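Residues 677 to 1325 (the working numbering) make up the sequence shown, in order.
For each residue, glycine too, the CB sits at the ideal point set by N, CA and C.
Please read these numbers as outputs of a predicted model, since none were measured by experiment.
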Amino acid sequence: MRLCRHESKPYLAAVFCLFIQTTSVLAGAIPEQRPRLWEPELPDPLNLLPNLVRSLADEIPTVSTFGQYLFDTLLNLFSGQQYTVTQNARSPLIRWTNLKLVRTNFWYGPPVAGGPAYPEGALGTAKVVHDFVDIQLELRQQLENAMEDLTKAVGDYLTGKFNDLETLDDYMSLYDDEWLLANPSGLDPGVATNYTQDLFFSMQRLSNSPYQIRRLNPAAEPDSLQFAVDDETVRTLTGTNLTLPDLHQEGRLFYADYRDQGKFTQTEGRHAAACDAFFYIHPQSGDFLPLAIRTNAGANLIYTPLDSPGDWLLAKMMYGINDFWFAQWNHLAATHEVVHIIWMAAIRTFSLEHPIHAILHRLMFQVFSIQLLAKFVLFSPFGAVDQIFAFSGPAAQEYTTTMYKNSAGHFQANYFLRDLRTRGLIESIGPSLKSFPFLEDASAIHDSIHQFMTSFVQSFYSSDADVLADREIQDWVTECHGPANVLDFPEKIDSVDTLIEVLTQLTHLVSTAHHTTNTNELMQISSVLPYSPPAFYKPLPVSKSNTTNPAEYLPPFKKTLEQTIVAALFARPLLIGTNRTIVHMFDDDSMLERMNAQTREANSVFMEQMRNFSSQVQERTFDSQGLSQGMPFVWKALDPNVIPYSIST
């Protein structure tokens, strides 16, 4: 595949011209909504989408002839030869010379969308464009399908199907026989009927949005109670004599904190709180439930399930706005940005003859395309963030970068089980969570990844001394702590076990960690109205007023289309059942034929395990209590025969 700029642009145009079609359909077909706080002082963002497309096209890097030559040559340099660790190199001088050529032409450039460095140099630019072309080709049919769905939705709107979005039921009708090409699986079972339930709201924190909630430890000073809930309310909710401090002391109290979002300027006409909230394990049922939500905005109201149903649902929506914002930018920082900088360091230190390079190359498919998309589609003026969220694109980039530097970008601290222990979700004080779907499903895949990596690493390294003697591994560590500036990477990789853990975590980040909150999840549960709006379009209430129709706060029809079309960009339903799923994570013939027999056998075992787990996920339904994995919805986000083996968008 040639990667010169003039040859990659047609792919870009073919994919993103669909946005222009979207613009013309929307701008001409949809009349103004009933009076709501709109944005009259700004041009309609839809009319600026063609400019965004042209801007993105102009930003595709130019690949030099030399860069193209390096890319073609170095990718195929050792084609057909068996992978070898450094100390077993067939020609150490040739290996070193070619690796030096890579280092000379693959540089650390400045970040393009916040976070870590981004590839530059002749070879770095070629690699970026290659990844970008790959993702364009994969997106093309999905965007065509989304455009067809959007056209149908507009037509249905004009016939009055959605009743001008007067009620919550009208908002849910946005998904009734709609968006079936972009999201053929539809909403998760239970979403449309059970979204007002408290158990639905709370169990999302243990399934599709599990990265913020933590248990409060009464022995830890930072885990002190951040706000008060009166004793009578707590006693009524728990059906006991327990108070909030009692729940705290018993290790039953959990906390989520989005107060840091309060510093951002809100887009005019849109509104958001900066919620923090308590959740708890019920002392009788053992259910994980919401206890109270504080808004930290306006009148700084504290809501509980004892408030009127309308007020309480409105509070959960306010929390949902903050959670939606956090989930999107945390996932960008914690997965995309972490793996891309570690992969950059690996490209500069591992020969293409090295088996670790081969594994990482497989896992990092399309990874360098994401930052360009983030910068020019999400964060740019009048980009997707400006169009749908309560805060701006630059605020999203700042938020992402801050999280990357302060927490999300810390590699070892976010090891799968270590992170859950740190947040008190497993092996902690207090009662265990009765049901933890994220842990259940991610563990099934994580355990199999760890098993594969154990076989893979042990097949090339018979002892810790062998790992320590591999110069390219040691250079990778030095690079990560040096020019790559990877946060919290191991100080040394001097054992088989450490190498297995590093490779397992990288694989977890590009797969289970990412796809839990993104990919198909947005269209199936995480970005679904009315309960997951990205912004309110009416000021937050200044008092509890027995709200009877929370729909008054929700986005108008144009904005619902923008929200859904953006979610459609992230979905990958066309990969279901193909060789792009996790089942085939290591199943690449050209790679496996150059691996050893143990690795090929490990892949066969992994594939069988993933197919078996996929069958289990597909068979899920509601039990006699109307629950699945303890939740009032059926969650299948981590089906290995559905989600991609790479990090995708």
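Item	Value
Checking 8 Å against the spacing of the C-beta atoms, do Thr-1183 and Leu-1039 come in under that value?	yes
Is the segment 1098-1118 touching the segment 919-932, taking contact as three or more C-beta pairs under 8 Å?	yes
My parser needs the beta strand (DSSP E) runs of 3 or more residues fully inside the segment 759-827; what are they?	783-785 and 794-796
Mapping the DSSP letters down to three states, classify Gln-709 as helix, strand or coil.	For Gln-709, the predicted model reports a pLDDT of 44, less than 50, meaning its position is unreliable; a value from the coordinates is still stated below. If DSSP states are grouped into helix, strand and coil, Gln-709 belongs with coil.
Okay, do the segment 763-773 and the segment 985-992 touch, 3+ Cβ pairs below 8 Å being the bar?	no
Please look up how many angstroms separate the CB atoms of Gly-1085 and Leu-1163, rounded, as I've assumed it's under 8 Å.	5 Å
Smallest Cα separation from Trp-1019: which of Phe-903, Val-1186, Gln-1294 and Val-1318?	Val-1186
Are there three or more Cβ pairs, one per stretch, closer than 8 Å when the segment 907-922 is compared with the segment 875-886?	no
What three-state label does DSSP hand Gly-1306 in the structure shown?	coil
Report all residues from its chain with a CB closer than 7 Å to the CB of Arg-1296; omit the five preceding and five following residues, and keep chain order.	Ser-1304, Val-1310 and Lys-1312
Between which two residues does the alpha helix (DSSP H) carrying Met-847 extend?	Residue 847 is actually Tyr in this sequence, not Met. Element bounds for Tyr-847: 844-848.
Out of Ser-1221, Trp-1001 and Arg-1270, which has the shortest C-alpha to C-alpha gap to Gln-1239?	Trp-1001
Rounded C-beta distance between Ala-950 and Gly-962? I'm assuming under 8 Å.	Contact flag wrong, Cβ pair sits at about 31 Å.
Please specify which runs of the alpha helix (DSSP H), each continuous and at least 4 residues long, are wholly inside the segment 895-920, giving them in chain order.	907-914
How should Val-1043 be labelled, buried or exposed, when 16 other C-beta atoms within 10 angstroms of its C-beta is the threshold for buried?	buried
How about Gly-1326 and Ser-1111: do their beta carbons lie closer than 8 Å?	Residue numbering for the chain in the displayed model covers 677 to 1325; residue 1326 lies beyond these limits and cannot be assessed.
Under a three-way DSSP split, which group does Pro-1231 fall into?	coil
How would you call Lys-776, buried or exposed, if buried means at least 16 neighbouring beta carbons within 10 angstroms?	exposed
State the Cα-Cα distance for the pair Tyr-794 and Gln-757, rounded to the nearest angstrom.	31 Å
Could you tell me which of Arg-1270, Gly-915 and Pro-921 sits nearest to Ala-904, measuring between CA atoms?	Pro-921
Identify, in the order they occur along the chain, each residue of the same chain with its Cβ nearer than 6 Å to the Cβ of Arg-1270, setting aside the five sequence neighbours on each side.	Gln-758 and Tyr-759
Return the first residue and the last residue of the beta strand (DSSP E) that Leu-965 is part of.	964-970
Nearest-angstrom Cα distance between Lys-1214 and Leu-1230?	8 Å
May I have the straight-line CA-CA distance separating Phe-1233 from Arg-946, to the nearest angstrom?	15 Å
Would a C-beta distance cut-off of 8 Å place Trp-855 and Met-1267 closer than the cut-off?	no
Just verifying my parser: in three-state terms, what is the DSSP assignment at Arg-1270?	coil
In whole angstroms, give me the CA-to-CA distance for Trp-1152 and Gln-1134.	19 Å
For His-958, does the three-state DSSP call read helix, strand or coil?	coil
Mind the definition here: the segment 1202-1220 touches the segment 827-839 only if three or more C-beta pairs lie below 8 Å; say whether that holds.	no
With H, G and I counted as helix, E and B as strand and the rest as coil, what does DSSP make of His-1122?	helix
CB-CB under 7 Å to Tyr-956, same chain, minus the five flanking residues each way: which ones, in chain order?	Leu-923, Arg-928, Leu-929, Phe-930, Leu-965 and Leu-967
Given a threshold of 16 other Cβ atoms within 10 Å of its Cβ, counted over all protein chains shown, does Glu-1277 qualify as buried or as exposed?	exposed
Which first and last residues belong to the alpha helix (DSSP H) in which Ala-1072 is found?	1069-1079
Would Thr-1076 and Leu-1008 qualify as a contact pair, given that the criterion is a beta-carbon distance under 8 Å?	yes
Measuring CB to CB, does Ala-1010 end up less than 8 Å from Ala-1120?	no
I'd like to know if the segment 1272-1289 and the segment 1142-1159 are in contact, where contact means that at least 3 CB-CB pairs between them fall below 8 Å.	no
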